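Residue numbers (numbering that gives the first Met the number 0): 0 to 311.
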Amino acid sequence: MRKIFEQINTIIDSNKYWTLNLGLARSLIALCTLLSLLFNNTETLFFFEQKLEDDSLGFSIFSLFDHQGVAIFLSCLILVWVISGYLPKYSAIPHWWVTFSYWDTVSIIEGGDQIAAILTLLMIPVLLCDNRLNHWSTTSPNAGYYSKTISFFSYLIIYLQVSFLYLQAAIGKMFVAEWIDGTAVYYWVYDTNFGMNDSLLELFSFAFKSSVMITLMTWGTLLIEMLLGVAILISNQFVRKIIFLSGISLHLLIGFTFGLWSFSLAMVGILIIYFYGQNFDFLWYRTLSKSPIRFLKKSTAKYKLAVDGQEV
Numbered sequence: 000m001r002k003i004f005e006q007i008n009t010i011i012d013s014n015k016y017w018t019l020n021l022g023l024a025r026s027l028i029a030l031c032t033l034l035s036l037l038f039n040n041t042e043t044l045f046f047f048e049q050k051l052e053d054d055s056l057g058f059s060i061f062s063l064f065d066h067q068g069v070a071i072f073l074s075c076l077i078l079v080w081v082i083s084g085y086l087p088k089y090s091a092i093p094h095w096w097v098t099f100s101y102w103d104t105v106s107i108i109e110g111g112d113q114i115a116a117i118l119t120l121l122m123i124p125v126l127l128c129d130n131r132l133n134h135w136s137t138t139s140p141n142a143g144y145y146s147k148t149i150s151f152f153s154y155l156i157i158y159l160q161v162s163f164l165y166l167q168a169a170i171g172k173m174f175v176a177e178w179i180d181g182t183a184v185y186y187w188v189y190d191t192n193f194g195m196n197d198s199l200l201e202l203f204s205f206a207f208k209s210s211v212m213i214t215l216m217t218w219g220t221l222l223i224e225m226l227l228g229v230a231i232l233i234s235n236q237f238v239r240k241i242i243f244l245s246g247i248s249l250h251l252l253i254g255f256t257f258g259l260w261s262f263s264l265a266m267v268g269i270l271i272i273y274f275y276g277q278n279f280d281f282l283w284y285r286t287l288s289k290s291p292i293r294f295l296k297k298s299t300a301k302y303k304l305a306v307d308g309q310e311v
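What follows is the structure, encoded as structure tokens:
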């Protein structure tokens with residue numbers, strides 16, 4: 000057991016937690032919220048007034064001002080600050096506040112907004128330990144053991160959250176008949192509210208009217224989501240890169256097909272954190288996964304010796 004802890008301590012101490020990838024990921028997440036605020040007017044953003052009234056604590060930034068334009072302007076300033084990368088330690092909590100407020104009180108939300116609110120919250124411990132002047136810096140700052148330990152386990156929680164997210168998405172679809180029979184993408188593409196616009200639909204109709212292509216796209220989505228979910232258990236860097244690129248391609252295609260670019264940008268940012276948030280090669284997984292196996296082998300060997308001794 001002592002040897003295991005020594006190995007974990009070595010892994011924690013050798014990792015680089017405050018990387019350029021972390022800055023890129025949080026900038027993409029901030030950009031998705033910024034685009035939603037800039038390209039929608041207040042009537043569109045807050046057509047459902049009940050959400051604002053339900054914010055009884057007045058915690059949301061959009062409940063602090065009588066005029067929503069002031070809150071939107073302040074939110075945009077915070078998001079531009081995050082994208083600029085300056086003083087990530089101090090922009091972490093304001094960034095979460097804006098993303099949470101958007102998800103909590105704005106009427107037009109989708110899955111990416113909720114995920115962004117959760118991920119920006121989980122990133123706070125890592126960023127509070129980030130002493131860089133700018134998160135676009137490629138130089139990882141010197142940090143103490145406790146800062147590294149906090150960041151290590153914060154990343155681990157993020158990885159578990161993202162893994163569960165994709166596994167839930169994949170497994171949940173398996174209980175829907177259209178996903179199982181391979182026709183779900185067809186119905187989504189031709190949906191009058193969320194489907195592809197008429198120009199693109201006409202251009203790519205050859206693919207969406209092919210039963211083989213539709214089935215491949217539907218089942219391919221399930222396969223990619225499942226692989227993204229189990230990627231946390233894969234240490235082979237080549238395999239991980241293939242899964243990462245597949246996930247990026249999936250979300251970019253969703254943005255292109257359905258126009259959900261804010262969602263796609265948020266998910267691309269989340270995948271960057273999930274796969275490349277910190278510089279390490281999953282040594283922690285190999286250490287933690289081999290330890291129970293080693294323990295079981297030793298226990299089995301001791302049991303066998305005891306039995307053999309009794310028989311002798």
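Note that beta-carbon positions come from the ideal geometry of N, C-alpha and C, so glycine has one too.
All values reported here derive from a predicted model rather than from experimental measurement.
Is it true that the region 237 to 252 meets the region 183 to 191, where meeting means three or more beta-carbon pairs spaced less than 8 Å apart? no
In three-state DSSP terms, what is residue 101? Taking the first residue of the sequence shown as 1, we reach residue 101 at position 102. Residue state, collapsed to three classes: helix.
How would you call residue 220, buried or exposed, if buried means at least 16 neighbouring beta carbons within 10 angstroms? Stepping through the sequence shown from its first residue, residue 220 is reached at position 221. Answer is buried; the Cβ neighbour count reaches 16.
Under 7 Å, do residue 129 and residue 93 count as touching if we go by C-beta distance? Looking up residue 129 in the sequence shown gives position 130. Looking up residue 93 in the sequence shown gives position 94. Against a cut-off of 7 Å, the Cβ pair of residue 93 and residue 129 comes out as no contact.
Whole-number beta carbon distance between residue 71 and residue 100, since they are thought to touch under 8 Å: On the sequence shown, residue 100 is found 101 positions in, with the first residue counted as 1. On the sequence shown, residue 71 is found 72 positions in, with the first residue counted as 1. So it is not a contact: roughly 11 Å between Cβ atoms.
Alpha-carbon spacing of residue 276 relative to residue 5, whole angstroms: For the purposes of this step, residue 276 is taken as residue 277 along the sequence shown, with counting starting at 1. For the purposes of this step, residue 5 is taken as residue 6 along the sequence shown, with counting starting at 1. Each residue's alpha carbon lies about 23 Å from the other.
What would DSSP say about residue 21, mapped onto helix, strand or coil? Taking the first residue of the sequence shown as position 1, residue 21 is located at position 22. Three-state DSSP puts residue 21 in a helix.
Between residue 282 and the rest of its own chain, which residues show a CB-CB distance below 6 Å, the 5 nearest in sequence each way excluded? Stepping through the sequence shown from its first residue, residue 282 is reached at position 283. Caution is warranted here: a pLDDT of 49 is assigned to residue 282, below 50, making its placement in the model unreliable, and no coordinate value can be reported.
Could you say if the region 112 to 128 and the region 155 to 167 meet the contact criterion of at least three C-beta pairs nearer than 8 Å? yes
Checking the sheet assignment: what are the DSSP bridge partners for residue 133? Within the sequence shown, residue 133 is the residue found at index 134, counting from 1. Looking at the DSSP assignment, residue 133 forms a beta bridge with 85.
Count the CB pairs spanning the region 232 to 242 and the region 198 to 218 that are closer than 8 Å, and state whether there are at least three. no
Which word fits residue 38, buried or exposed, when buried means at least 16 other C-beta atoms lie within 10 angstroms of its C-beta? Taking the first residue of the sequence shown as position 1, residue 38 is located at position 39. With fewer than 16 other Cβ atoms within 10 Å, it is exposed.
Taking the alpha helix (DSSP H) that residue 119 belongs to, which residues open and close that run? By one-based count along the sequence shown, residue 119 stands at place 120. Unbroken alpha helix (DSSP H) run through residue 119: 110 to 121.
Throw me the rounded Cβ distance for the residue 243 and residue 270 pair, which I believe falls under 8 Å. Position 244 of the sequence shown, counted from the first residue, corresponds to residue 243. Position 271 of the sequence shown, counted from the first residue, corresponds to residue 270. At roughly 6 Å, the Cβ-Cβ gap stays under 8 Å, so residue 243 and residue 270 are in contact.
The alpha helix (DSSP H) spanning residue 250 covers which residue range? For the purposes of this step, residue 250 is taken as residue 251 along the sequence shown, with counting starting at 1. Where residue 250 is concerned, the enclosing alpha helix (DSSP H) stretches over 236 to 257.
Could you tell me whether the Cβ atoms of residue 253 and residue 263 are closer together than 7 Å? Within the sequence shown, numbered from 1, the residue matching residue 253 stands at position 254. Within the sequence shown, numbered from 1, the residue matching residue 263 stands at position 264. It is a contact, given that the beta carbons lie within the stated cut-off.
Pick helix, strand or coil for residue 197, following the three-state DSSP scheme. Sequence index remark: in the sequence shown, residue 197 carries index 198 (1-based). The answer is helix: DSSP assigns residue 197 an H, G or I state.
For residue 261 versus residue 75, is the C-beta distance shorter than 7 Å? For the purposes of this step, residue 261 is taken as the residue at position 262 of the sequence shown. For the purposes of this step, residue 75 is taken as the residue at position 76 of the sequence shown. No, they are not a contact pair.
I'd like the list of long-range same chain contacts for residue 36, defined as Cβ closer than 7 Å, with 5 residues on each side in sequence excluded. Here residue 36 refers to the residue found at position 37 of the sequence shown. Excluding sequence neighbours, residue 36 sits near 71, 74, 75.
Please state the DSSP three-state secondary structure of residue 63. For this step, residue 63 is matched to residue 64 along the sequence shown. DSSP places residue 63 in coil when its eight states are reduced to three.
Helix, strand or coil: how does DSSP classify residue 55 here? Start at 1 with the first residue of the sequence shown, and residue 55 comes out as number 56. In this prediction, residue 55 has a pLDDT of 49, which is less than 50 and means its spatial position is unreliable; what the coordinates show is noted afterwards. Of the three classes helix, strand and coil, the one that applies to residue 55 here is coil, per DSSP.
Measure the Cβ-Cβ separation of residue 97 and residue 77 and say whether it is below 7 Å. Within the sequence shown, numbered from 1, the residue matching residue 97 stands at position 98. Within the sequence shown, numbered from 1, the residue matching residue 77 stands at position 78. Result yes, Cβ atoms of residue 97 and residue 77 sit closer than 7 Å.
Using a threshold of 7 Å, state whether the C-beta atoms of residue 346 and residue 265 are closer than that. Past the boundaries of the shown model lies residue 346; the chain is included only from 0 to 311, so the question cannot be answered.
May I have the straight-line CA-CA distance separating residue 63 from residue 104, to the nearest angstrom? Residue mapping note: residue 63 aligns to position 64 of the sequence shown, counting from 1. Residue mapping note: residue 104 aligns to position 105 of the sequence shown, counting from 1. Each residue's Cα considered, the two are about 12 Å apart.
Give the straight-line distance between the Cα atoms of residue 314 and residue 193, rounded to the nearest whole angstrom. What is shown of the chain runs 0 to 311, which leaves residue 314 out entirely.
Got a sec: does the ligand HEM put a non-hydrogen atom nearer than 6 Å to the Cβ of residue 182? With respect to small molecules bound, the structure shown includes none, and the ligand HEM cannot be examined in it.
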